[in-house]
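*Asks:* Before anything else, here's the structure in question.
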Ligand SMILES: Cc1cc2nc3c(=O)[nH]c(=O)nc-3n(C[C@H](O)[C@H](O)[C@H](O)COP(=O)(O)OP(=O)(O)OC[C@H]3O[C@@H](n4cnc5c(N)ncnc54)[C@H](O)[C@@H]3O)c2cc1C
Ligand SMILES: Cc1cc2nc3c(=O)[nH]c(=O)nc-3n(C[C@H](O)[C@H](O)[C@H](O)COP(=O)(O)OP(=O)(O)OC[C@H]3O[C@@H](n4cnc5c(N)ncnc54)[C@H](O)[C@@H]3O)c2cc1C
């Protein structure tokens, strides 16, 4: 195809998007969404760079409108959106306004005999599907986080469209971040095998002893509500790939595995020898976490002393 | 107040297996109401207790009629299920087109509630596509809802920012699992729902052209599905906790990950 437009927020690296777009388009333009007067970010060797300024509480409708107008006037066949929360709501609106096919969380793009083919996960990550695009245009979001960008060439300004006024933002509040799982070298993660909120202290100690971040499965966040969502590993949480992932009392359902299966070394502690987590583990410890974790703390303490 | 709830019939994705030759065995998996949609149904049911009328809309195979009974058991007036052979290949865009036709036929609605994502497709597209087709506002990720007068207030998390937004009704809102705790539905309660509350319709009855839903006419087509293998050659440690803990610590040190 002739032209792909990669769209990302300023400050977030757009490297992955441009690399992906290069696989299927001969020309790649980068549209940066920036705050008024704010940082412009970098474009990793795109053929052209544009910037549009939108306020912090700009609505997805406005984002969709400006990207749609840009794609239309430049004649782009592919709009590739970064894996950033602000694009999630805008994507379907954008695809309808462009009459384009829509694909979310693509992990790969290729030019097939009949046009663009996107790869994405299906069934919680147990399968990969190839999705053939059957429209002249596609709006795709990709599943990759930041990849460093190197070019900071001047960007040509793009005028935002008039605000739609569809939504009123009544309040905005940045939540204090509790965990930074992304990029962590070691993660100790626990699940429903931990029976009470008080027992979490044992896991926190283990994480401290290993100089690891604290992760958890979905029920700990969404059902027990013991931890905030930035601790959650998996399909709806964070995707991580640390050197060491230690899973304690986690069964290993596919939606959890998909968030950690690329870790370098995976260790699982579970008292059920048939738990699926053992299938993806390098080392499996069959035992009661209430005995194994204190013992492990001792073994690690001994090493330190 | 009239509310439309989107409820999808899905296989239990934790039960999906691959045959030794790598074929997906979806058919054998038990089916149910999509996880997130249960929270939309619960919210609608609570609004119904204060006088709202609740209609459920779904696109799915004939077996989905059973799932509709489960959805109705949360507390809704009736369900409309659109189906036909075309459903097997339908993509999110086609699903949204049919759901829009149901919304128009059964409407007008003040509020459309949906789940944020489905467990099987995980496209997170249908509610937004539906809103764009109906020309109404769309807000996703609801963790709290306040419906009043002519507008709805939605609390949600966007990255690490919690925001409250207000949009005019009618609107499409998709919800997360943090919105509420759905009531527990017993098998008995599902059995008690009369099948007469589930109306099955086809494309023609919705005024849609079947030709537009042929596999080649859709916006996307799944051309291949392959399993993801993540098995590792694992080593199992069993025995006295103190011994295996020491062994594990030594191994991790040996691997250079401590
Ligand atoms: C659409 C969708 C998205 C999802 N997204 C995510 C996600 O992002 N992240 C996620 O984690 N899940 C996610 N899930 C949920 C997922 O399917 C599982 O339900 C969840 O991961 C299970 O959490 P768990 O392992 O803590 O609990 P359980 O499955 O209940 O497992 C607890 C484990 O602890 C073990 N255990 C119990 N007692 C002990 C003991 N004393 N010592 C040692 N072991 C013990 C048990 O043997 C069991 O294996 C999602 C599901 C859906 C449908
Ligand atoms: C064999 C097979 C082939 C497939 N082929 C394709 C394909 O060609 N292209 C493709 O993109 N996908 C395909 N899928 C995936 C499937 O079509 C999607 O699940 C469907 O299109 C809707 O997308 P979603 O489920 O991801 O919805 P999402 O957008 O993730 O759903 C969000 C919410 O929208 C509502 N909703 C979604 N769908 C329905 C529905 N049918 N009825 C009622 N409410 C609904 C629910 O409230 C749901 O919580 C295929 C799946 C299978 C098993």
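Chains as they are written, first to last, in the numbering used here: chain A, 258 to 562; chain B, 447 to 704. All C-beta atoms in this analysis are idealised placements derived from N, C-alpha and C, irrespective of residue type, glycine included.
1) Can you tell me whether residue 408(B) is buried or exposed? The criterion is at least 16 other CB atoms within 10 Å of its CB, across all chains shown.
2) Along chain A, which residues have their Cβ under 7 Å away from the Cβ of residue 697(B)?
3) Could you tell me if the beta carbon of residue 579(B) falls within a distance shorter than 7 Å of some heavy atom in ligand 2?
4) For residue 548(B), report the span of its beta strand (DSSP E) as first-last.
5) Taking a contact to mean a Cβ-Cβ separation below 8 Å, would you say residue 491(B) touches residue 454(B) in this structure?
6) Closer than 7 Å, Cβ to any Cβ of chain A: which residues of the segment 669-687 of chain B, in chain order?
7) State the CB to CB distance for the pair residue 261(A) and residue 278(A), rounded to an integer number of angstroms; the pair is presumed to be in contact (CB under 8 Å).
8) Is residue 362(A) near ligand 2 - that is, is its Cβ less than 7 Å away from at least one heavy atom of it?
9) Quick check on residue 361(A) - is its C-beta less than 8 Å from some C-beta in chain B?
10) Got a sec: which bits of the segment 618-633 of chain B sit with their beta carbon under 7 Å from any beta carbon on chain A, in order along the chain?
11) So the beta strand (DSSP E) residue 357(A) belongs to, where does it begin and stop?
12) Just grab the DSSP bridge partners of residue 464(B) for me.
13) Please classify residue 695(B): is it buried, with 16 or more other beta-carbons within 10 angstroms of its beta-carbon, or exposed?
14) Taking 8 Å as the cut-off, does the segment 411-418 of chain A touch the segment 384-394 of chain A (at least 3 CB pairs, one atom from each stretch)?
15) List the residues of chain B that residue 486(A) touches, going by C-beta distances under 9 Å, in chain order.
16) Could you give the C-beta distance for residue 615(B) and residue 598(B), rounded to a whole number, given that I count them as a contact under 8 Å?
17) Would residue 535(A) pass as an interface residue toward chain B - the criterion being a Cβ-Cβ separation below 8 Å?
18) So if DSSP puts residue 450(B) in a beta bridge, which residue, or which two residues, is it bridged to?
19) Please identify, using Cβ separations under 9 Å, the residues of the segment 563-579 of chain B that lie next to chain A, in order along the chain.
20) Report buried or exposed for residue 407(A), applying the criterion of at least 16 other Cβ atoms within 10 angstroms of its Cβ.
21) Residue 619(B) and residue 600(B): beta carbons closer than 8 Å?
22) With a threshold of 7 Å on Cβ separation, who are the neighbours of residue 369(A) within its own chain once the five nearest residues in sequence on each side are excluded?
23) Can you pull the chain A residues whose beta carbon is under 9 Å from the beta carbon of residue 489(B), in chain order?
24) Whose C-beta lies closer than 8 Å to the C-beta of residue 499(B) among residues of the same chain, with five residues either side of it excluded?
25) Suppose you measure from the CA of residue 295(A) to the CA of residue 434(A); what does that come to, to the nearest Å?
26) What in chain A is Cβ-close to residue 662(B), meaning under 9 Å?
27) With hydrogens ignored, establish whether the beta-carbon of residue 564(B) is closer than 7 Å to any heavy atom of ligand 2.
28) Please list, in chain order, the chain A residues whose beta carbon lies closer than 7 Å to that of residue 610(B).
29) Going along chain A in order, which residues have a C-beta closer than 8 Å to the C-beta of residue 460(B)?
30) Short of 7 Å Cβ to Cβ, which residues in the segment 540-554 of chain A face chain B?
*Replies:* Put simply:
1) Because chain B in this structure spans residues 447 to 704, residue 408(B) falls outside the shown range and cannot be described.
2) Simply 540.
3) no
4) Looking at the DSSP string, residue 548(B) is not in any beta strand (DSSP E); the run it does join, the alpha helix (DSSP H), is 538-552.
5) no
6) 669, 670, 671, 672, 673, 674, 676, 677, 678, 680, 681, 682, 683, 684, 687
7) 4 Å
8) no
9) Yes - at least one Cβ of chain B is within 8 Å of the one on residue 361(A).
10) 623, 624
11) Where residue 357(A) is concerned, there is no enclosing beta strand (DSSP E), given that its DSSP letter is neither H nor E.
12) In the DSSP output, where bridge partners are listed per residue, residue 464(B) has 470(B).
13) By the 16-neighbour rule on beta-carbons within 10 angstroms, residue 695(B) is buried.
14) no
15) 603, 624
16) With 8 Å as the limit, residue 615(B) and residue 598(B) qualify as a contact, their Cβ atoms being about 6 Å apart.
17) yes
18) 501(B), 558(B)
19) 563, 565, 566, 567, 568, 569, 570, 571, 572, 573, 574, 575, 576, 577, 578, 579
20) In this predicted model, residue 407(A) has a pLDDT of only 49, less than 50, meaning its place in the structure is not dependable; the value taken from the coordinates is given anyway. Classification of residue 407(A): exposed, given that the 10 Å Cβ count is below 16.
21) yes
22) 389
23) The premise fails here: residue 489(B) is roughly 16 Å from chain A at the closest Cβ pair, so nothing lies under 9 Å.
24) 447, 448, 449, 523
25) 22 Å
26) Under the 9 Å cutoff, chain A gives 391.
27) yes
28) 427, 428
29) Within chain A, the residues near residue 460(B) are 381, 510, 511, 512.
30) Only 540, 541, 542, 543, 544, 548, 549, 552, 553 from the segment 540-554 of chain A bring a Cβ to less than 7 Å from some Cβ of chain B.
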